[in-house]
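Numbering (our numbering), first residue to last: 15 to 419. Even glycine gets a Cβ: it sits at the ideal position worked out from N, Cα and C. Take a look at the structure below.
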Ligand code: CTP
């Protein structure tokens, strides 16, 4: 079950050319288990058909103040009461002005005024309109009411203008929606997460590495952000985009990762080492490509520093330090190995995962892990998406924080 399962989302669409983009948002929300009801302003109906939105949402679309077939049902009051989140996307300059001034001259504005739940506003308009002091002031006003406003993206727009005003990408909206439903129990924390593989160069075209894709570490970064943490992600080479609101530092080798971890260490209150760090690197890196037939058939290696062990040692020396969470990637003796690493590296928690099989480990979108803590507690999680696994890891961290502080 994800944070979005069975959530009731009311989506308000207004008169902007970006209206067609939210058709995909409706599909994405429904894929994640949400119930979506769409409210459209009259102008929105000129940009995209209510029929399209009804078919995609699987629900009737509302646009008039008074339902012709049952005027006694007062749709604005019922709709305002019966949802977990109101998302207004795209939000035109006109609708933002209505919201700022408390106008109730169409169904969507009336619902917003009559709603006591969270409201997320995603502006989309011509960049000059967006930057106009009137719009900026209206946005500041609705923020002061507690509405969450997602900044539009910059770029070329349908009107030919270039600048801020494009509807934000779905990933940003998704992250903001999840933030509404995530427990806000990491708001005082600065989380430092390492993710992905490292690459240890042999020569300019070859390296030693492993199949880590970074998915688990990136899911931890995104979910920590949803729970209100400040997040720094130190990432080895991956194909993934940085999660919204997360500061990412890209590195390649274990030595670079170690250097960045040490630089960011002082600010961190929680460190999660989800990276698959190479334990060894070639003793020498060749300046030029090694030609066929020139290489010795064995490659001398030297040990890389164990970054997490070093952090655990430092913490032993100075009584108070950040919370330390490690991962143990195992193909056998999982729990025994996990418990050994928990103790040897002086950790608060270790997440043990099986790297065999297609549903768990490297590259999979799901994981099945066991969480061990320093007091001997063991929590076996079922097969879950990496995002859900990450939330369960943060639940375990939140329990330690609650006990400690
Ligand atoms: N780790 C690290 N630096 C290393 C190796 C590992 O910081 N040079 C961290 C990993 O990020 C992980 C934990 O230590 O959080 C355990 O990593 P893992 O690869 O499972 O174990 P190792 O300590 O490398 O031991 P082994 O290879 O013997 O299983």
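Just to confirm before moving on: does the CB-CB distance between residue 134 and residue 191 stay below 8 Å? yes
Can residue 41 and residue 70 be called in contact, C-beta distance under 8 Å? yes
Give the straight-line distance between the Cα atoms of residue 452 and residue 315, rounded to the nearest whole angstrom. Since the displayed the chain opens at 15 and closes at 419, residue 452 lies outside it and no answer follows.
Near residue 370, what residues of its chain come up, given a Cβ to Cβ distance below 6 Å and the 5 sequence neighbours on each side ignored? 345
Can we say the stretch 211 to 224 touches the stretch 193 to 202, given the rule of at least three CB pairs closer than 8 Å? no
Is the beta carbon of residue 252 within less than 7 Å of some heavy atom of the ligand CTP? no
Taking just the CA atoms, how far does residue 230 sit from residue 355? 19 Å
Excluding the 5 residues flanking residue 203 on each side, which residues of the same chain have their C-beta closer than 6 Å to its C-beta? 243, 283 and 284
Residue 89 and residue 28: beta carbons closer than 8 Å? no
Do residue 57 and residue 121 have their CB atoms nearer than 8 Å? no
Residue 26, buried or exposed, once every other Cβ within 10 Å from all chains shown has been counted against 16: buried
Straight-line gap, residue 307 to residue 378 (C-alpha atoms, nearest Å): 37 Å
Proximity of residue 205 and residue 286 at Cβ, strictly below 8 Å: yes
Nearest-angstrom Cα distance between residue 422 and residue 149? With the chain represented from 15 up to 419, any question about residue 422 goes unanswered, as that position is not in the structure.
Would DSSP call residue 128 helix, strand or coil? helix
Leaving aside the five residues before and after residue 128 along the sequence, list all residues of the same chain whose C-beta is less than 7 Å from its C-beta, in chain order. 90, 91 and 94
Which of helix, strand or coil does DSSP assign to residue 388? coil
If you follow the alpha helix (DSSP H) that residue 204 is part of, which residue opens it and which one closes it? Careful: residue 204 lies outside any alpha helix (DSSP H), inside the beta strand (DSSP E) at 204 to 209.
Pick out whichever of 397, 255, 403 and 246 has its Cα sitting closest to the Cα of residue 274. 246
Buried or exposed: where does residue 312 fall if 16 or more other Cβ atoms within 10 Å of its Cβ makes it buried? exposed
Compute every distance between the C-beta of residue 320 and the non-hydrogen atoms of the ligand CTP, then say whether any falls below 7 Å. yes
What is the residue span of the alpha helix (DSSP H) that residue 300 lies within? Unbroken run through residue 300: none, as it is neither H nor E.
Measuring CA to CA, which of 24, 267 and 39 is closest to residue 54? 24
For residue 310, count neighbouring Cβ atoms within 10 angstroms of its own Cβ and tell me buried if that reaches 16, exposed if not. exposed
Residue(s) in a DSSP beta bridge with residue 344: 368
Specify the secondary structure class of residue 64 as computed by DSSP and reduced to three states. helix
Say yes only if the C-beta of residue 342 is nearer than 7 Å to one or more non-hydrogen atoms of the ligand CTP, and no if none qualify. yes
The alpha helix (DSSP H) that contains residue 54, what's its start and end? Where residue 54 is concerned, there is no enclosing alpha helix (DSSP H), although the beta strand (DSSP E) it sits in stretches over 49 to 54.
Taking 7 Å as the line, does the beta carbon of residue 22 fall inside it for any heavy atom of the ligand CTP? no
Near residue 18, which residues of its chain fall below 8 Å by C-beta distance, leaving aside the five closest residues on each side in sequence? 43, 46, 47, 48, 191, 192 and 195
Separation of residue 96 from residue 322, as counted between CA atoms: 48 Å
Residues bridged to residue 28 by DSSP? For residue 28, which the question treats as bridged, DSSP gives no partner whatsoever.
Is it buried or exposed, residue 226, if we count other Cβ atoms within 10 angstroms and call 16 or more buried? buried
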